[in-house]
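Student: Here my numbering is used: the first residue of the sequence shown is 913, the next is one more, and so on. The C-beta atom is built at its ideal place from N, Cα and C for all residues, glycine as well.
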Amino acid sequence: MSELFTHVADRIDRAVQKVTPLAYRVRRRSRRWVRRAMRKPRSVSEGPNLLPLLIRVLATFSKADGVLLEEEIDSSLGFLRYDYPDAVYSELRQLFRQALYEQQDLTAMAQKLSVQLSADRKIMLGVQLYDLISQAGLKQEQVVQFYSFMSQLGMAAQA
């Protein structure tokens, strides 16, 4: 299953490269040179592509009583709509739909994200997830799942 997400992430990266190949390379190299000149380690955004994992997390919280909330797809992915070309956005949407119908291991995802996300990004993810479950009516099961997930991220106090 993770191979599929890796494959989709690679396709997204290639699509972005095709749309703006020169700008993509220049931006990537300039970031690398500045980072090396300042002797800074790689940041999360320059590290492994977390987008497929974040989409799976959003998909898990986009269900209410096991029922798919179609409007939540656009709500969840709305913040990505203008950051990526239409072709990439449609692949992200397809990945989101696929993740909706699969059983997700929130514990494993939380453990991976707890290591790879900064505290600010964890809080931003928590806000996005809370917004999703509040739109679904704050069902008790989802609230418990949310607090458990945030605790595993190391953000229990902020939740």
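Going by beta carbon distance, what residues of the same chain come within less than 8 Å of residue 1067, once the five residues before and after it are set aside?
Tutor: The residues are 1031, 1034, 1035 and 1038.
Student: Using the C-alpha atoms, what's the distance from residue 949 back to residue 1058?
Tutor: Approximately 41 Å between the Cα atoms of the pair.
Student: Quick one, which of 1014, 973 and 1003 has its alpha-carbon nearest residue 1061's?
Tutor: When only C-alpha atoms are compared, the closest one is 973.
Student: Alpha carbon to alpha carbon, how far is residue 1003 from residue 1053?
Tutor: Using only the alpha carbons, I get a separation of about 30 Å.
Student: To the nearest angstrom, how far is it from the Cα of residue 999 to the Cα of residue 923?
Tutor: Answer to the nearest angstrom: the Cα atoms are 10 Å apart.
Student: Just to confirm before moving on: does the CB-CB distance between residue 970 and residue 1008 stay below 8 Å?
Tutor: Taking 8 Å as the Cβ cut-off, residue 970 and residue 1008 qualify as a contacting pair.
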